[in-house]
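Undergrad: Per full-length UniProt numbering, residue 1 is the first one in the sequence shown, and the count goes up by one each step. A virtual CB, placed ideally from N, CA and C, is assigned to each residue, including glycine.
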Amino acid sequence: MSSTSPNLQKAIDLASKAAQEDKAGNYEEALQLYQHAVQYFLHVVKYEAQGDKAKQSIRAKCTEYLDRAEKLKEYLKNKEKKAQKPVKEGQPSPADEKGVSYMKVRTFSIKHRLQT
């Protein structure tokens, strides 16, 4: 019987919870959980996973979770835009705020780590 490291188990638990929240329509919560799960999985790949097959399997799951997180992020962004009042010309839109840019950079950074 192989034992699962605490970090791998935490990643699996977070991913399972993310899928549950996603299925229940709690997309903001699912997005956060997917992102946290990927962080744990990447830690496992870098410091704990033994063997290329295990690492490749984890990377494939991370790619799936990141793709789903991107779709949720886009959905939430579009939903937010529809709920907002139009912005006057010359004023920055809320989508131009730092947070959106940070999330794009963060997702790119995580995807880049998966490839290395």
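Between Phe41 and Lys82, what straight-line distance do the alpha-carbon atoms span, to the nearest angstrom?
TA: Those two C-alpha atoms are separated by around 34 Å.
Undergrad: Please state if the CB of Leu33 and the CB of Leu8 are separated by a distance shorter than 8 Å.
TA: Cβ distance not < 8 Å, so Leu8 and Leu33 don't count as in contact.
Undergrad: Does the distance from the CB of Ala11 to the CB of Ala37 come in under 8 Å?
TA: Contact: yes.
Undergrad: What's the call for Ala60, buried or exposed, on a 16-neighbour Cβ count within 10 Å?
TA: Exposed.
Undergrad: DSSP on Ala95, reduced to helix/strand/coil?
TA: Note that Ala95 scores a pLDDT of 49, beneath 50, so its modelled location is shaky and nothing firm can be said.
Undergrad: What did DSSP end up calling Ser57 once you bin it into helix, strand or coil?
TA: Ser57: helix per DSSP, three-state reduction.
Undergrad: Verify the contact flag: Gln56, CB atom, against every heavy atom of the ligand ADP, threshold strictly below 7 Å.
TA: Summarising the ligand content, the structure contains no ligands, and the ligand ADP is consequently not present.
Undergrad: Taking the alpha helix (DSSP H) that Ser16 belongs to, which residues open and close that run?
TA: First-last of the alpha helix (DSSP H) with Ser16: Pro6 to Lys23.
Undergrad: Considering just the uninterrupted stretch of the alpha helix (DSSP H) at Glu28, what are its terminal residues?
TA: Unbroken alpha helix (DSSP H) run through Glu28: Tyr27 to Tyr47.
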